[in-house]
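Participant: In numbering that gives the first Met the number 0, the protein residues as written are 0 to 399.
Note that the Cβ used here is the ideal one computed from N, Cα and C, for glycine as well.
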Amino acid sequence: MESSNNDITHPTFGTRAIHAGQEPDDITGAVMVPIFTASTYKQPSPGQFYPKGSDYGRVMNPTRKALEDCIADLEYCKYGLAFASGCAATQTLISTLKVGDHVLCIDDVYGGTQRIFRKIAGPNQGIKADFVDMTQEDEIDKHLTKDTKFVWVETPTNPTLKVTDLRMIAKKAHSVGALLVVDNTFMSPYLQSPVQLGADIVLHSATKYIGGHSDLIMGLITTNNKEVYDELKFFQMSLGAIPGPFDCYLALRGLKTLHIRMREHVRSAEKIATFLEAHDNVDKVLWPGLPSHPQHELAKSQTRGPGGSGVITFYVKGGVEESKKFLETLKIFCLGESLGGVESLAEHPALMTHGSVPPEHRQKLGILDNLIRLSVGIEDVSDLMSDLDTALKASATVSK
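(1) Which residue wins for smallest C-alpha separation from P244, given the options T8, N60, L383?
(2) Can you list, in chain order, the residues of its chain with a C-beta nearer than 6 Å to that of I220? Leave out the 5 residues immediately preceding and following it.
(3) In the DSSP assignment, find the unbroken alpha helix (DSSP H) run with D68 in it and report its ends.
(4) Which one of G218, A250, L251 has the shortest CA to CA distance from Q235?
(5) Distance check for G121 and T11, CA to CA, integer angstroms please.
(6) In its own chain, which residues sit with a C-beta less than 6 Å from the C-beta of T154, not counting the 5 before and 5 after it?
(7) Name, in chain order, the residues that DSSP records as bridge partners for E153.
(8) I'd like the list of long-range same chain contacts for E138, defined as Cβ closer than 7 Å, with 5 residues on each side in sequence excluded.
(9) Helix, strand or coil for E136 per DSSP?
(10) Taking the alpha-carbon positions, what's the P348 to L370 distance?
(11) Considering only residues of the same chain and omitting the five flanking positions on each side of T39, which have a CB-CB separation below 7 Å?
(12) In angstroms, rounded to a whole number, what distance separates the CA positions of S2 and P358?
(13) Would you call H353 buried or exposed, if buried means 16 or more other Cβ atoms sit within 10 Å of its Cβ?
(14) Quick one: give me the first and last residue of the alpha helix (DSSP H) that R262 is part of.
(15) Would you call the segment 171-186 and the segment 195-210 in contact, with 3 or more CB pairs under 8 Å?
(16) For Y75 and K324, I'd like the C-alpha separation in whole angstroms.
(17) As an exercise, report each continuous alpha helix (DSSP H) stretch of at least 4 residues that is fully enclosed by the segment 308-393, in chain order.
(18) Judging by CA-CA distance, which residue of R361, C104, T14, A19 is the nearest neighbour of D72?
(19) Using CA coordinates, which residue listed in F149, C86, H9, P188 is at the minimum distance from K97?
(20) Taking S385 as the reference, give the member of F274, Q362, I119 with the closest Cα.
(21) Distance check for T95 and T62, CA to CA, integer angstroms please.
(22) Could you tell me the alpha carbon to alpha carbon distance between D379 and P50, rounded to whole angstroms?
(23) Expressed to the nearest angstrom, what Euclidean distance is found between the alpha-carbon atoms of G197 and L373?
(24) Given this structure, state the Cα-to-Cα distance separating E276 from G365, to the nearest angstrom.
(25) Taking the alpha carbon of P287 as the point to measure from, which residue in S213, T159, H101 has its own alpha carbon closest?
(26) Should M31 go down as buried or exposed, given a rule of 16 or more other Cβ atoms within 10 Å for buried?
(27) Taking the alpha-carbon of V319 as reference, which of M351, D100, T156 has the nearest alpha-carbon?
(28) When DSSP labels each residue in this structure, what does V131 get in the three-state scheme?
(29) Determine the contact status of L391 and N224, defining contact as a CB-CB distance below 8 Å.
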């Protein structure tokens, strides 16, 4: 993939984000896709539909369809589906599995995904799931079985930003007849294209970078596999976990500026990660765009730009009290969950987003009491660094 530390390029992306699936309205000429609020549609004859119509809003909504077509195009896929949340997209995907089916999942996965596998899919649906470190090929080989239907990957992972070799894991998944599912939330389609690296299904929490303004909840799935699409479309219709038309409009609007925002997120994150790495009150910085990251070269080879997005994870010197002091002192960074918005956010994974992960598993993953996750927004980067510096110095006073 094209990579440059100074110029994160993705030819045609901005044009496609603005126009794919979004033709001017053929009745009014409206340039922007209208927000269609209709729950039902007129039928010219029983069981017959207008060319762009349907029988019911849960089955098809024109605003939603425009979004689904656009995200499919941006992920180099033929098919797209929108859901009420990232978790709804995940659960719909898991609902296509049968009792006894197996999922091999990356160990450092979003806490909500862990919760679905551990507390819903396992006990209620009979789905088996193993969580392994996919940077270790022998661990993957050890857990792949004839019953494995999905290999589930986030790269970089949440929150420790480990990078998985997607070309390698795609070959291993396909060798046992499994499909590779890649959660691309942390990178967005602008920075990473999993299908071009062998993925079968791409998943997004559109709440994050795609929406980009912390004002919607949504999930998206794309694929080139028609059989997978047809099954997911049936489950989408049957389970009804769909987003409303206004949320679809907001996501479409977010996509139109994604390329501009991602460039700014990454440029600021690179400066902040470098700043943190040199700070006296920081133990360690985890950002794939830094040469010090153990999978830096791999990250650069399968993404655009330096290898990371706007998410940075680091260990503050000290423990939980120093972490709390740091977070409570921040003025521009907002203490809150989520990521990918224009505003900068900071959070404590062990106490917040990953609180549902068993403590012993958190310890093994490195989700310790002094781990901080930042979502770097698009404010002035000098203001952000000043804010972090003040909070880090305040954290150092806790033990004095």
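Facilitator: So, to answer that:
(1) The shortest C-alpha separation from P244 is found at N60.
(2) Taken in chain order, the residues that qualify are L80, A88, L202.
(3) Following the DSSP letters along the chain, one finds D68 inside the alpha helix (DSSP H) bounded by residues 61-73.
(4) Residue nearest to Q235 within the set G218, A250, L251 is G218 (criterion: CA-CA distance).
(5) Roughly 42 Å separates the two Cα atoms.
(6) Only V162, T163 meet the Cβ criterion.
(7) E153 pairs with D182.
(8) The residues V131, D132, in chain order, have a CB closer than 7 Å to that of E138 in the same chain once the five nearest residues on each side in sequence are set aside.
(9) In the structure shown, E136 sits in a helix (DSSP, three-state: H, G or I).
(10) Rounded to the nearest angstrom, the two C-alpha atoms are 7 Å apart.
(11) Excluding sequence neighbours, T39 sits near Y55, G56.
(12) Model confidence at S2 stands at a pLDDT of 40, short of 50, so the residue's coordinates are unreliable and nothing is read from them.
(13) By the neighbour-count rule (16 or more Cβ atoms within 10 Å), H353 is buried.
(14) Its alpha helix (DSSP H) spans residues 257-276.
(15) A contact exists between the segment 171-186 and the segment 195-210.
(16) Their backbone Cα atoms lie some 44 Å apart in a straight line.
(17) Listed in chain order, they are 319-328, 358-364.
(18) When C-alpha distances from D72 are compared across R361, C104, T14, A19, the shortest belongs to A19.
(19) Comparing C-alpha distances from K97 to each of F149, C86, H9, P188 shows the shortest one belongs to F149.
(20) Answer by Cα proximity: F274.
(21) The alpha-carbon atoms of T62 and T95 are separated by roughly 26 Å.
(22) When rounded, the distance between both Cα atoms is 48 Å.
(23) So the two alpha carbons sit approximately 29 Å from each other.
(24) When rounded, the separation of the alpha-carbon atoms in E276 and G365 is 18 Å.
(25) Residue T159 is the option with its Cα nearest to P287.
(26) By the neighbour-count rule (16 or more Cβ atoms within 10 Å), M31 is not buried but exposed.
(27) V319 has its Cα closest to that of M351, out of M351, D100, T156.
(28) For V131, the three-state secondary structure derived from DSSP is strand.
(29) Cβ distance not < 8 Å, so L391 and N224 don't count as in contact.
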